[in-house]
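Data block below; observations after.
Number of protein chains: 2
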Amino acid sequence: MGEQLTIALDAMGGDHGPQVIVPAALNFLRATQGIRLILVGKPDVLAPLIKDQNFQGRLMIHPASQEVAMDELPSKALRLKKDSSMRVAIDLVKSGEAHACVSAGNTGALMAIARFVLKMLPLVDRPAIITAVPSLTGSTHVLDLGANVDCTAAHLFQFAVMGSELARAIGGLDSPKVGLLNIGAEEIKGNEQVKQAHELLARSALNYVGYVEGDDIYLGDVDVVVTDGFVGNVALKSSEGVAKLVRQMLQHNFQRNWFTRLSGLAALPILKRFSRTFDPRRYNGASLLGLRGIVIKSHGGADVLAFENAIHIAEKEIHYNIPKRIAQQVQSQLDAERQRAEV
Amino acid sequence: MGEQLTIALDAMGGDHGPQVIVPAALNFLRATQGIRLILVGKPDVLAPLIKDQNFQGRLMIHPASQEVAMDELPSKALRLKKDSSMRVAIDLVKSGEAHACVSAGNTGALMAIARFVLKMLPLVDRPAIITAVPSLTGSTHVLDLGANVDCTAAHLFQFAVMGSELARAIGGLDSPKVGLLNIGAEEIKGNEQVKQAHELLARSALNYVGYVEGDDIYLGDVDVVVTDGFVGNVALKSSEGVAKLVRQMLQHNFQRNWFTRLSGLAALPILKRFSRTFDPRRYNGASLLGLRGIVIKSHGGADVLAFENAIHIAEKEIHYNIPKRIAQQVQSQLDAERQRAEV
Chain A
258 MGEQLTIALD AMGGDHGPQV IVPAALNFLR ATQGIRLILV GKPDVLAPLI KDQNFQGRLM
318 IHPASQEVAM DELPSKALRL KKDSSMRVAI DLVKSGEAHA CVSAGNTGAL MAIARFVLKM
378 LPLVDRPAII TAVPSLTGST HVLDLGANVD CTAAHLFQFA VMGSELARAI GGLDSPKVGL
438 LNIGAEEIKG NEQVKQAHEL LARSALNYVG YVEGDDIYLG DVDVVVTDGF VGNVALKSSE
498 GVAKLVRQML QHNFQRNWFT RLSGLAALPI LKRFSRTFDP RRYNGASLLG LRGIVIKSHG
558 GADVLAFENA IHIAEKEIHY NIPKRIAQQV QSQLDAERQR AEV
Chain B
258 MGEQLTIALD AMGGDHGPQV IVPAALNFLR ATQGIRLILV GKPDVLAPLI KDQNFQGRLM
318 IHPASQEVAM DELPSKALRL KKDSSMRVAI DLVKSGEAHA CVSAGNTGAL MAIARFVLKM
378 LPLVDRPAII TAVPSLTGST HVLDLGANVD CTAAHLFQFA VMGSELARAI GGLDSPKVGL
438 LNIGAEEIKG NEQVKQAHEL LARSALNYVG YVEGDDIYLG DVDVVVTDGF VGNVALKSSE
498 GVAKLVRQML QHNFQRNWFT RLSGLAALPI LKRFSRTFDP RRYNGASLLG LRGIVIKSHG
558 GADVLAFENA IHIAEKEIHY NIPKRIAQQV QSQLDAERQR AEV
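Chains A and B, in that order, are what the protein sequence lines are.
My numbering numbers the first residue of the first sequence as 258 and each following residue consecutively.
My numbering numbers the first residue of the second sequence as 258 and each following residue consecutively.
Structure, rendered in structure tokens:
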């Protein structure tokens, strides 16, 4: 591995492919120093988009002849697409040529390939997808977001350990507050896995604050919200839906007649600022945690700004050496759990 | 049962009890004709709030000496609170003295007592909680919202039949579009119950449009969204959280300095209108479906306007005779399913 920090980009992935990913890469290189990007994909497609820019050797193309389709079965992608841009980007992380990779491609395929190529960290059963969302006081990390549909209490516990460590490193929090998503604060509510995970967490050394409900994700009282992938995915997608509804209703209300248009004009700077703060693109970039390497998943429909943000998240995770920190944390939590069991 | 339509209100329930429920009842009586309300609770508390208003006999007090606490165990409430305002209000529906009841009390206790007293409709295994939420094109009915944590495919199918019938009656839709909540439109995704429910729904006579995701709740492409109680509850609560976050961020942005305050002033009528359209109070009032009687659950923290809205929902369900329509619909769907199985 060279001294220079390197991020591999699956340049063919996502709804818009190189049309978005190459400009995002160029913007990232202009805004940062010292980090190198490898665009993985078809050179004849990528080269014309870069022209002769190479940023003093900080931009490279690594050829890959195949692409993983957005609706391709993960098992098929794993078996048949060994020279896909997604697979090769992950291979570069495995070989040490890159310190992280970013893909806007098919989530299921990315999970399957990353898990197969990079392998899990010791004592972690499954990867989890985590992202930060805005809250009243800053942001909240939520996991899992769709990697795991059926989870045991032990899985939820591992998610809590991983999420807490990420929030500690990236968010700079000494002792992130961890909540377990449930449908009421009462101990009688929830399904069996959640109740058992609650017991495990209550005994752990994590800063566990107990059950939280869906709205707590956004209220800023907790730093990490743990749930299974089905519930987490629905919670985030529902939130996106509401945000979209609110935006459209605001627009509609400001455009009803000349008076409202005028008022809208006056309010434009504030509404713009509001949109900026709440812009989902600024939160683009979810991490696959629990792997022996850094893999960042961008939203498939990401635009240039959003994809650039996902590259910044990869950069941060390299900086904090997230996989190593998580491995240590999982080890120490499980050691503590074992000691408690022996006492 | 008298000729006059009658709704029983659990006047002691909710976070604010009679302070909210009595004024809501008075407003409802002023705004409507022909419907009678029974306030169930402690006469010495209720009487002073009504003074001598009786709206030509349309307002009555029915005594109940006990109250169900908001955090009381449902099993305890069922066993020990036989003269609670909640129980007596449901008893009035059972005896036919009221055509529906509304409570802002403890959801678990309301479910348990309603199920015990009123019993389930034939062929329906469990009650489900349903509510309407705003969407880009009108509103969407979502169920279940927390009555059932672990659901089988058969339960989800029953929810779909009940939700579709409610949307048809209340929403006036010929053939409501029903979607099953999942974490991706692909058939490979989701857990076992969801996949099996998908098969049942695809074969049914319902207007089933297939899997939908969290954001579809708000996009207006579907009229009914079916899911289990855990997921539904989290989806709705998350949405509430986002809406609250958006409101606070907008306010904050308009109050930063004198210029933004001025712009805010100009935009005030539009923002007010927006708040009104999006006001969660206007959507207050969830129905417990599948019972042999109409039971409406108001949000515990409902204010006067919100509780009044819940009474209006009870009125609508009486008008459309929802329990009878659901019983017929469940019967005919299951007959059709049996015929298909025999062919």
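Glycine included, every Cβ here is placed at the ideal spot set by N, Cα and C.
All of these numbers come straight from a predicted model, not from anything done at the bench.
What does a CB cutoff of less than 6 Å around Q323 of chain A pick up in its chain, not counting 5 residues either side in sequence? K338, D340 and S341
R293 of chain B: first and last residue of the uninterrupted alpha helix (DSSP H) it sits in: Premise fails: R293 of chain B lies in the beta strand (DSSP E), R293 to G298, not in any alpha helix (DSSP H).
To which residues of the same chain is A265 of chain A closer than 6 Å at the C-beta, ignoring the five residues directly before and after it? I295, V297, A346, L349, A355 and C358
Which whole-angstrom value describes the C-beta separation of S392 of chain B and L507 of chain A, a residue pair presumed to lie in contact below a C-beta threshold of 8 Å? Contact doesn't hold; Cβ gap of about 15 Å is too wide.
Could you tell me the alpha carbon to alpha carbon distance between I553 of chain A and V374 of chain B, rounded to whole angstroms? 53 Å
Which residues in the same chain have their Cβ closer than 6 Å to the Cβ of Q585 of chain B, if we skip the five residues on either side of it in sequence? none
Segments of 4+ residues assigned as alpha helix (DSSP H) that fall wholly inside the segment 423–489 of chain B: 449–460 and 473–476
Would you say S496 of chain B reaches chain A, if we count a Cβ-Cβ gap shorter than 7 Å as a contact? yes
Helix, strand or coil, according to DSSP, for Q323 of chain B in the structure here? strand
Should E470 of chain A be flagged as near chain B, meaning a C-beta pair shorter than 7 Å? yes
Taking the C-alpha atoms as reference points, what is the distance between Q590 of chain B and A454 of chain B? Their backbone Cα atoms lie some 14 Å apart in a straight line.
Coarse secondary structure for T289 of chain B, derived from DSSP in three states: coil
What residues are listed by DSSP as bridge partners for S341 of chain A? A:Q323
Under 8 Å Cβ-Cβ, which residues of chain A neighbour Y475 of chain B? S495, G498, V499, K501 and L502
Can you list, in chain order, the residues of its chain with a C-beta nearer than 7 Å to that of L380 of chain A? Leave out the 5 residues immediately preceding and following it. V587, Q588 and L591
Kindly say whether L367 of chain B, judged by its beta-carbon, lies nearer than 7 Å to any beta-carbon of chain A. no
Quick check: what's the CA-CA separation for N541 of chain A versus K494 of chain B? 22 Å
Any chance you could list the beta strand (DSSP E) runs of at least 3 consecutive residues sitting entirely within the segment 371–428 of chain B, in chain order? 385–392 and 395–400
Within 10 angstroms of the Cβ of S332 of chain B, are there 16 or more other Cβ atoms? Answer buried if so, exposed if not. exposed
Option nearest P300 of chain B by Cα separation, candidates B:A268, B:Q512 and B:G441: B:A268
From A:I318, A:V488, A:G403 and A:L286, pick the residue whose C-alpha is nearest to that of F312 of chain A; which is it? A:L286
Which residues of the segment 304–322 of chain B have a Cβ closer than 9 Å to any Cβ of chain A? Give them in chain order. none
What does the Cβ neighbour count give for D480 of chain A, buried or exposed, with the cut at 16 atoms within 10 Å? buried
Using a cut-off of 7 Å between C-beta atoms, extract the partners of S488 of chain A located in chain B. Residue identity differs from the one stated: residue 488 of chain A is Val in this sequence, not Ser. Near V488 of chain A (Cβ distances below 7 Å), the residues of chain B are F487, V488 and V491.
Just mark A459 of chain B as buried or exposed, buried being the case when its beta carbon has 16 or more other beta carbons within 10 Å. exposed
Can you check whether the C-beta of L294 of chain A is within less than 7 Å of a C-beta belonging to chain B? no
Same chain, Cβ closer than 7 Å to H412 of chain A, five either side skipped, listed in chain order: D382, R383 and N405
Is the CB of D301 of chain B under 7 Å away from at least one CB in chain A? no
How many Å lie between V435 of chain B and G489 of chain B at the Cα? 15 Å
Taking only three categories from DSSP, how would you classify L316 of chain A? Strand, per DSSP.
Distance between I427 of chain B and V491 of chain A (C-alpha atoms, nearest Å): 26 Å
Close-in-space but distant-in-sequence residues of the same chain around G477 of chain B (CB under 8 Å, 5 per side omitted): Correct list, in chain order: S392, L393, T394, G395 and T397.
Following the continuous beta strand (DSSP E) through D267 of chain A, name the residue where it begins and the one where it ends. T263 to D267
Using three-state DSSP, classify S544 of chain B as helix, strand or coil. strand
Of all the CB atoms in chain A, is at least one closer than 7 Å to the CB of M258 of chain B? Per-residue confidence for M258 of chain B stands at a pLDDT of 44, beneath the threshold of 50, marking its modelled position as unreliable; the derived number appears in the next sentence. Answer no: the Cβ-Cβ gap between M258 of chain B and chain A never drops below 7 Å.
Taking Cβ-Cβ distances below 8 Å as the criterion, which residues of the segment 398–426 of chain A are in contact with chain B? So the close ones are G403, V406 and D407.
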